[in-house]
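Top line first, the protein sequences correspond to chains A and B.
First residue of the first sequence: 100, per this note's numbering; consecutive thereafter.
First residue of the second sequence: 100, per this note's numbering; consecutive thereafter.
Note that beta-carbon positions come from the ideal geometry of N, C-alpha and C, so glycine has one too.
Just so we're clear, the structure is a prediction, and the values are computed from it rather than from any experiment.
The block underneath contains the structure these notes are about, expressed in structure tokens.
2 protein chains.
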Amino acid sequence: MSDEIVTFFKALADANRLKIVGLLAQQPYSVEELAALLDLKASTVSHHLARLAQIGLVSAKTESYYNIYQLDEKALQNKSRNLFSQANLAASVVDIDADAYDNKVVKDYVRKDGSLKTIPAQRKKLEAILRYVVKAFEANKRYSEKKVNEILGKYHEDTASLRRELVGYGLMKREGGGGEYWRE
Amino acid sequence: MSDEIVTFFKALADANRLKIVGLLAQQPYSVEELAALLDLKASTVSHHLARLAQIGLVSAKTESYYNIYQLDEKALQNKSRNLFSQANLAASVVDIDADAYDNKVVKDYVRKDGSLKTIPAQRKKLEAILRYVVKAFEANKRYSEKKVNEILGKYHEDTASLRRELVGYGLMKREGGGGEYWRE
DNA sequence: AATCTAATTCGATACTTGTCTAATTAGATT
DNA sequence: AATCTAATTAGACAAGTATCGAATTAGATT
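This is the structure in structure tokens:
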């Protein structure tokens, strides 16, 4: 889960918590001692330790009056090793809609009836629109140039530009000799 | 400097910024595309990218209309490798007053005239007080028991307990046969 | 030169969170 | 059993920041 990674970074994104980790890397300390060393109230330190414990970086053992906290160095090494592993990077992206950009462009350029307001001048947007338009053609079926123009006409009057760009971006193929087009 | 490490963790302590890193790990993107993919406004994405650029994780190259951002994978590997190195851990602790705890305990237990209100019952606090009291003795000089009691009397009437604890915690030594004490 | 576009910057708002004080809890000492 | 002590929890406040809309900037296209 991606939340776990965020929680980890959030836990270490504070100067005082980093100091606690640094101190515990030297030796275990009680809450009271840490509070004195960092010039903070015990309740504040307790709160910080809870967050570090939440990600498994520290743990406590009670000893008479005191709660002695110690660093789990194994966990530290473990976490740091594969923080930016392929798996973690992929996990952060898992719930992203890959077509969101195309959808947004289509939403901006297409009327309710499906026709285009204009043909985008920007490359990235033109590509998105062409991917939308090309869906009107069946894969592997041959179309005459006349038929192609008829279909493209439903999107925009400048059928010649649409046709040329579709071929230019490789979304449709054209037979060298004859006037036939197809989508692969 | 420790600030640099905090800045690094803060930069990654946000779900959307982690998603940006994850996306750029696959391929470069423009601000506009990232905004659509994350369902955020371009201004927000611009802000996030600025923070990531601040720690050297991403960089931009302009390409026609667009600012195409890419991940610096070298920097990523580099940072993650020695995030929790000895040097970094030590850096976070560098400006901490190691005597803060002792000072606090002394402040709590010692009157303005230097005498003790009570002798602490808690081990850690007793240790701190004993380290304070033992300073009254010169190193490597021999003291008779009578002289020891005289000195300790300025701190607390229960000189026997103080004397015993000083020896018990190894802060003062006692010659087996005679009644002589010294601090090493 | 004039116009258009993506990106950035600025100002405002809402939410998160670090810190403190006060109250409560868990445990040990007497 | 009664009393202390360290730690935690709860509540409140203040500082930091993620996000947005509006204004501005840098650059490319016509």
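Item: Taking the DSSP output, what are the residues bridged to Ser129 of chain B?; Value: B:Ile167
Item: Which residues, in chain order, does the stretch 127-161 of chain A contribute to contact with chain B at a C-beta distance below 8 Å?; Value: Ser129, Glu131, Glu132, Ala135, Leu136, Leu137 and Asp138
Item: If you compare alpha carbons, which of A:Lys246, A:Asp171, A:Val130 and A:Ala186 is closest to Ser158 of chain A?; Value: A:Asp171
Item: Rounded to whole angstroms, how far is the Cβ of Lys272 of chain A from the Cβ of Glu264 of chain A, which I believe are closer than 8 Å?; Value: In fact, because the Cβ distance is near 14 Å, the residues do not count as touching under 8 Å.
Item: Determine the direct distance from the alpha carbon of Tyr280 of chain B to that of Lys240 of chain B, and round the result to whole angstroms.; Value: 8 Å
Item: Rank B:Glu249, B:Ala190 and B:Arg230 by C-alpha distance to the C-alpha of Val266 of chain B and give the top, closest one.; Value: B:Arg230
Item: Could you work out which residue in B:Asn115, B:Asp194 and B:Gln169 is closest to Gly155 of chain B when comparing CA atoms only?; Value: B:Gln169
Item: Quick one: Cα of Leu290 of chain A to Cα of Glu132 of chain B, how far?; Value: What the structure shows of chain A is the stretch from 100 to 283, and residue 290 of chain A is not part of that stretch, so it cannot be assessed.
Item: Taking the alpha-carbon positions, what's the Tyr165 of chain A to Asn115 of chain A distance?; Value: 21 Å
Item: Can you grab the Cα-Cα spacing for the pair Ala189 of chain A / Leu182 of chain B, in whole Å?; Value: 21 Å
Item: Going along chain B, which residues have a C-beta under 9 Å from Ser260 of chain A?; Value: Neighbours of Ser260 of chain A on chain B: none; closest Cβ ~19 Å, over 9 Å.
Item: Along the chain, where does the beta strand (DSSP E) containing Val157 of chain A start, and where does it finish?; Value: Val157 to Glu162
Item: Are the C-beta of Ile195 of chain A and some C-beta of chain B separated by less than 8 Å?; Value: yes
Item: Which runs of the beta strand (DSSP E) at least 3 residues long sit entirely within the stretch 236-283 of chain B? Give them in chain order.; Value: 241-243 and 279-281
Item: Excluding the 5 residues preceding and the 5 following Ala235 of chain A in the sequence, name in chain order all residues of the same chain whose CB lies nearer than 6 Å to its CB.; Value: Ile250
Item: Tell me which same chain residues have a C-beta within less than 6 Å of the C-beta of Phe107 of chain B, skipping the five on either side of it?; Value: Ile154
Item: Beta-carbon within less than 8 Å of Asp257 of chain A's beta-carbon, same chain only, minus the 5 sequence neighbours each way: which residues are those?; Value: Ile218
Item: Please determine, among A:Arg180, A:Tyr268, A:Ala199 and A:Ser184, the residue with the shortest C-alpha to C-alpha distance to Val233 of chain A.; Value: A:Tyr268
Item: Is the number of C-beta pairs between the stretch 124-131 of chain B and the stretch 117-124 of chain A that are closer than 8 Å three or more?; Value: no
Item: Would you tell me roughly how many angstroms separate the C-alpha atoms of Leu137 of chain A and His147 of chain A, rounded to the nearest one?; Value: 12 Å
Item: Tell me the rounded alpha-carbon separation between Leu111 of chain A and Leu270 of chain A.; Value: 48 Å
Item: Determine the chain B residues that contact Gln221 of chain A at a beta-carbon separation under 7 Å, and present them in chain order.; Value: Tyr164
Item: What are the boundary residues of the alpha helix (DSSP H) that Phe108 of chain B is part of?; Value: Ser101 to Leu111
Item: Apply the 10 Å Cβ neighbour rule to Ser184 of chain A and answer buried if 16 or more other Cβ atoms are within range, or exposed otherwise.; Value: exposed
Item: Tell me the DSSP bridge mates of Leu215 of chain B?; Value: B:Val209
Item: What does Tyr200 of chain A reach in chain B if we use C-beta pairs closer than 7 Å?; Value: Glu132, Ala135 and Leu136
Item: Which residue's Cα is closest to the Cα of Asp212 of chain B: B:Ser101, B:Lys253, B:Thr161 and B:Ala134?; Value: B:Lys253
Item: Can you give the Cα-Cα distance for Ser163 of chain A and Leu151 of chain B, rounded to whole angstroms?; Value: 46 Å
Item: Going along the chain, which residues of its own chain have a beta-carbon closer than 7 Å to the beta-carbon of Ser129 of chain A, five neighbours each way excluded?; Value: Tyr165, Asn166 and Ile167
Item: Consider the Cβ of Val105 of chain B: report whether some Cβ of chain A lies at a distance smaller than 8 Å.; Value: yes
Item: Check for me: the alpha helix (DSSP H) holding Val233 of chain B runs from which residue to which?; Value: Where Val233 of chain B is concerned, there is no enclosing alpha helix (DSSP H), given that its DSSP letter is neither H nor E.
Item: Just the C-alpha distance for Asp201 of chain B and Glu103 of chain A, rounded to the nearest angstrom, thanks.; Value: 38 Å
Item: At the level of alpha carbons, what is the spacing between Ser191 of chain B and Ser142 of chain A?; Value: 21 Å
Item: I believe Ala227 of chain B touches Val209 of chain B by the beta-carbon criterion, under 8 Å. Please report the beta-carbon distance rounded to the nearest angstrom.; Value: So it is not a contact: roughly 11 Å between Cβ atoms.
Item: To the nearest angstrom, report how far apart Ser145 of chain A and Asp113 of chain A are at their CA atoms.; Value: 14 Å
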